[in-house]
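Colleague: Following this message is one structure expressed as structure tokens.
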Amino acid sequence: MRRIALFLILTVALVACGNSSVDDGAYSRVGVGDFAGLLDTPPAEDLTLIDLRTAEEIAAGYIDGAAQLDFYAADFEQRLQSLPRDGHYLIYCNSGNRSGTALRLMKDLGFEQVTELDGGIQAWISSDQPLVRP
53 MRRIALFLIL TVALVACGNS SVDDGAYSRV GVGDFAGLLD TPPAEDLTLI DLRTAEEIAA
113 GYIDGAAQLD FYAADFEQRL QSLPRDGHYL IYCNSGNRSG TALRLMKDLG FEQVTELDGG
173 IQAWISSDQP LVRP
């Protein structure tokens, strides 16, 4: 009985510690359909779409209307801090790793609303969503 109790406690602790996602309404990770829906819902001027990938990655294609903010740039955090905290930011990267980190950072910096594309541009492409190709 003690082994079962210990196993359950450890399992709950590992799940809680391993769950690094942020999803409390104002900060969320959504699938391609919901992300595309946000882009299609007026008023789009209240949204800021940010591509966190490098220039080389963006050269292969990006979501229409995205501004680049290279996650790997030396001044990334400084540039992020210079953005207004109000408004609704939609963010994505290649697979979701960089955008997940950026989402948590933006929450810590006090951004009012941030939505991350789950699976990044790879999920977007897999769902046959349109890309702009420079």
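All the letters of the sequence shown, read from the start, carry residue numbers 53 to 186 under the working numbering.
Even glycine gets a Cβ: it sits at the ideal position worked out from N, Cα and C.
1. Our contact map puts G191 next to V184 with C-beta atoms below 8 angstroms; I'd like the distance itself, whole angstroms only.
2. Are the CB atoms of L104 and L121 within a distance shorter than 8 angstroms?
3. Rounded to a whole number of angstroms, what is the C-alpha to C-alpha distance between L26 and L142?
4. So, with DSSP's three-state summary, where would you put R156?
5. Count the other CB atoms within 10 Å of the CB of S151; is the residue buried (16 or more) or exposed (fewer)?
6. Between G148 and D170, how many whole angstroms is the CB-CB distance? I'm expecting something under 8 angstroms.
7. For the alpha helix (DSSP H) containing D92, list its first residue and its last residue.
8. Excluding the 5 residues preceding and the 5 following G83 in the sequence, name in chain order all residues of the same chain whose CB lies nearer than 6 angstroms to its CB.
9. Report, in whole angstroms, the separation of the C-beta atoms of L161 and Q133, which I expect to be a contact under 8 angstroms.
10. With C-beta atoms as the reference, is L155 less than 8 angstroms away from E164?
11. Compute the Euclidean distance between the alpha carbons of K159 and A119, then round it to the nearest angstrom.
12. Which residue or residues does DSSP assign as beta-bridge partners of T100?
13. For D176 and A125, I'd like the C-alpha separation in whole angstroms.
Modeller: Judging by the given coordinates:
1. The displayed coordinates of the chain run from 53 to 186. Any statement about residue 191 would go beyond what the structure contains.
2. Taking the sequence shown and counting its residues from 1, one reaches residue 121 at position 69. Taking the sequence shown and counting its residues from 1, one reaches residue 104 at position 52. Contact flag set, yes.
3. Look at the range of the chain in this structure, 53 to 186, and you will see that residue 26 is not part of it.
4. Stepping through the sequence shown from its first residue, residue 156 is reached at position 104. Reduced to three states, the DSSP call for R156 is helix.
5. Translated into positions along the sequence shown, residue 151 becomes position 99. Result: buried.
6. Here residue 148 refers to the residue found at position 96 when the sequence shown is read from its first residue. Here residue 170 refers to the residue found at position 118 when the sequence shown is read from its first residue. Their Cβ separation, rounded to whole angstroms, is 6 angstroms, which keeps G148 and D170 in contact under 8 angstroms.
7. By 1-based counting over the sequence shown, the position of residue 92 is 40. Counting along the chain, the alpha helix (DSSP H) containing D92 begins and ends at 84-92.
8. Taking the sequence shown and counting its residues from 1, the one referred to as residue 83 is at position 31. For G83, where only same-chain residues beyond five positions count, the Cβ hits under 6 angstroms are D170.
9. Within the sequence shown, residue 161 is the residue found at index 109, counting from 1. Within the sequence shown, residue 133 is the residue found at index 81, counting from 1. About 6 angstroms separates the two Cβ atoms, so the contact holds.
10. For the purposes of this step, residue 155 is identified with residue 103 of the sequence shown, where counting begins at 1. For the purposes of this step, residue 164 is identified with residue 112 of the sequence shown, where counting begins at 1. It is not a contact, given that the beta carbons lie outside the stated cut-off.
11. Within the sequence shown, the letter at position 107 stands for residue 159. Within the sequence shown, the letter at position 67 stands for residue 119. Roughly 20 angstroms separates the two Cα atoms.
12. Start at 1 with the first residue of the sequence shown, and residue 100 comes out as number 48. Beta-bridge pairing links T100 to Y141.
13. By 1-based counting over the sequence shown, the position of residue 176 is 124. By 1-based counting over the sequence shown, the position of residue 125 is 73. Just to set this straight, residue 176 is Trp in the shown sequence, not Asp. Here the alpha carbons of A125 and W176 stand approximately 24 angstroms from one another.
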